[in-house]
Amino acid sequence: MKNLLVAQSGGPTAAINATLAGVIACAYTSGKVDKVLGAVNGIQGVFAENFIDLREKVRSAAQLDLLAQTPAAALGSCRYKLKDLEKDQQQFEEIVNIFRKHEISYFIYIGGNDSMDTVDKLSAYCASKGIDDIFVVGAPKTIDNDLMGTDHCPGFGSAAKYIAATFSEIERDCHVYNTKAVTIVEVMGRNAGWLTAASALARENGEPGPALIYLCETAFDTERFIEDVRAKLEMQDAVVVAVSEGIRSKDGVYISEEVQSGAVDNFGHSYISGAGKVLENLVREKIGCKVRSIELNLMQRCAGHITSAADIQESRMLGMTACQCALDGKNAVMAAVIRKSDAPYEAEFTSIPVKEVSNREKKVPLEWINEAGNDVTEELLAYLRPLICGENSVIYENGIPKHLVLY
Numbered sequence: 041m042k043n044l045l046v047a048q049s050g051g052p053t054a055a056i057n058a059t060l061a062g063v064i065a066c067a068y069t070s071g072k073v074d075k076v077l078g079a080v081n082g083i084q085g086v087f088a089e090n091f092i093d094l095r096e097k098v099r100s101a102a103q104l105d106l107l108a109q110t111p112a113a114a115l116g117s118c119r120y121k122l123k124d125l126e127k128d129q130q131q132f133e134e135i136v137n138i139f140r141k142h143e144i145s146y147f148i149y150i151g152g153n154d155s156m157d158t159v160d161k162l163s164a165y166c167a168s169k170g171i172d173d174i175f176v177v178g179a180p181k182t183i184d185n186d187l188m189g190t191d192h193c194p195g196f197g198s199a200a201k202y203i204a205a206t207f208s209e210i211e212r213d214c215h216v217y218n219t220k221a222v223t224i225v226e227v228m229g230r231n232a233g234w235l236t237a238a239s240a241l242a243r244e245n246g247e248p249g250p251a252l253i254y255l256c257e258t259a260f261d262t263e264r265f266i267e268d269v270r271a272k273l274e275m276q277d278a279v280v281v282a283v284s285e286g287i288r289s290k291d292g293v294y295i296s297e298e299v300q301s302g303a304v305d306n307f308g309h310s311y312i313s314g315a316g317k318v319l320e321n322l323v324r325e326k327i328g329c330k331v332r333s334i335e336l337n338l339m340q341r342c343a344g345h346i347t348s349a350a351d352i353q354e355s356r357m358l359g360m361t362a363c364q365c366a367l368d369g370k371n372a373v374m375a376a377v378i379r380k381s382d383a384p385y386e387a388e389f390t391s392i393p394v395k396e397v398s399n400r401e402k403k404v405p406l407e408w409i410n411e412a413g414n415d416v417t418e419e420l421l422a423y424l425r426p427l428i429c430g431e432n433s434v435i436y437e438n439g440i441p442k443h444l445v446l447y
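Using my numbering, you'd call the opening residue of the sequence shown number 41 and step up by one each time.
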């Protein structure tokens, strides 16, 4: 009997704990695992040996279900990049020594692009040292939906459902007046516009939804934007616009840079929120109508009360898949979803080499964006529709959703 360690990293989502629940369920029922440990705050928690015994925290199927409906990272998260393996191996040696100390043979890391970089580097180090009894596996996570090798990512479907519902509600609110007005809604997405594209699903029940949609995959032209808005205002009083926070000019400059300080995070990524505010000021200056901007911010990834049933179910399955891969002796792989068909929706769960994932980004195909660059195509909607389907039965207590707190 060997011990298993699981950790979470990167931006939280409404489904990342469903993946954790899948890992735990698989480990509990496998008959191959003694202790199931959780590292608090990702790989930083590994270095600090800040572990909790999950068998003491999650004791029943009911608690697993409660964990699956809890948004954000129940084990805590971090944004920490391991050093270059070829230049500095001290960190990797330290991690292996910690694993040995706690008799850990299986490590599951739930996260996005940067987390898969950690899986890639750590498994490569083990291979280079002939360590064949430690298995490192990744489980995907990101609302950005930008991981290569998997059809879609856990957390994206629920965030997309929140976006679609929110745009539907915003659009209803904006159309109660006959005053010319523009509402610009900024959606998360640095380099991939998948989440912004989901705003188009607000049209599914016959409502107008956003009049204009701008993704970060195409160059953003402010003059063309003003022309687009003017044209829509001639046809209707209220114009709702969806924009990715990462929209950039043809020169590659973020539109939001007018209101940002130039600061970067631990991975060297610029802080880019603020595109909506820039465009609000532009519309006020060039058109002069009533205008407001809305930045949805954290609500996109922590709305556990409106998750997609399909997303939560698949997130649990991917957690189980990742755990089973480790128990089967697989290394340097990430659990993945392979889509078989759109309608009816069919998918299967497998694993792919993590090298095909780490430090790469999957963007919205340009052919799924209309020629004018201000909307999406039916092909993209066909891809999105299955991912937001189904509603979860949320457990409430004292009038609000109940959550499971692990530490």
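All C-beta atoms in this analysis are idealised placements derived from N, C-alpha and C, irrespective of residue type, glycine included.
Where does residue i sit, in a helix, a strand or coil, going by DSSP?
i	result
Gly344	helix
Lys326	helix
Tyr68	helix
Leu162	helix
Arg332	strand
Val293	coil
Asp74	strand
Ile428	helix
Ile312	coil
Glu96	helix
Ile440	strand
Ala79	strand
Ala167	helix
Ala221	strand
Thr59	helix
Leu319	helix
Glu396	helix
Asp415	coil
Ser155	helix
Using a 10 Å radius around the Cβ and a threshold of 16 neighbouring Cβ atoms, would you call residue i buried or exposed?
i	result
Ala383	exposed
Leu338	exposed
Ile440	exposed
Tyr120	buried
Gln48	buried
Ser433	exposed
Met228	buried
Lys169	exposed
Ala242	buried
Thr69	exposed
Gly71	exposed
Glu134	exposed
Val216	exposed
Ile98	Looking at the sequence shown, residue 98 is not Ile but Val. Counting Cβ neighbours within 10 Å, Val98 comes out buried, since at least 16 surround it.
Val445	exposed
Cys193	buried
Lys201	buried
Asp368	exposed
Glu411	exposed
Pro405	exposed
Arg230	buried
Asn218	exposed
Cys66	buried
I need the boundaries of the beta strand (DSSP E) containing residue i, first residue and last residue.
i	result
Val373	Val373 to Ser381
Ile409	Looking at the DSSP string, Ile409 is not in any beta strand (DSSP E), and its letter there is neither H nor E.
Tyr120	Careful: Tyr120 lies outside any beta strand (DSSP E) and carries neither H nor E.
Tyr149	Ile144 to Gly151
Ala387	Glu386 to Pro393
Ile92	Phe91 to Asp93
Val136	No beta strand (DSSP E) holds Val136; the alpha helix (DSSP H) holding it covers Gln130 to Lys141.
Assuming residue i and residue j are in contact, meaning their beta carbons sit under 8 Å apart, how far apart are those beta carbons, in whole angstroms?
i	j	result
Cys365	Val373	6 Å
Cys329	Ser284	Going by Cβ atoms, the distance from Cys329 to Ser284 rounds to 23 Å, so no, they are not a contact pair.
Lys380	Glu388	7 Å
Leu115	Ala79	7 Å
Ile150	Leu94	Ile150 to Leu94, Cβ: 13 Å. No contact.
Arg356	Ala58	5 Å
Leu107	Thr158	Leu107 to Thr158, Cβ: 23 Å. No contact.
Asn524	Glu401	Nothing about residue 524 can be read from this structure; the chain reaches only from 41 to 447.
Leu125	Ala101	Contact doesn't hold; Cβ gap of about 40 Å is too wide.
Leu252	Asp277	With a Cβ gap of about 15 Å, Leu252 and Asp277 do not count as contacting.
Gln198	Ala55	For clarity, residue 198 is Ser in the given sequence; the question names Gln instead. So it is a contact: roughly 5 Å between Cβ atoms.
Ala362	Val225	No, Ala362 and Val225 are not in contact; Cβ-Cβ is about 34 Å, not under 8 Å.
Let's see if you can read the secondary structure: which residues bound the alpha helix (DSSP H) around residue i?
i	result
Leu44	Here Leu44 belongs to no alpha helix (DSSP H); instead the beta strand (DSSP E) covers Lys42 to Gln48.
Asp105	Ala101 to Gln109
Gly359	Ala349 to Leu367
Gly82	Gly82 to Phe87
Ala422	Glu418 to Leu424
Is the CB of residue i under 9 Å away from at least one CB in chain C?
i	result
Met339	Given the protein chain composition of this structure (a single chain), no chain C is represented.
Mind pulling the alpha helix (DSSP H) runs of 4 or more residues that sit fully within the segment 223-291?
Within the segment 223-291, the complete alpha helix (DSSP H) runs of at least 4 residues are 234-237 and 262-275.
Just list the alpha helix (DSSP H) runs in the segment 172-217, keeping only unbroken ones of 4 residues or longer that don't cross its boundaries, in chain order.
DSSP runs (the alpha helix (DSSP H)) wholly in the segment 172-217: 196-214.
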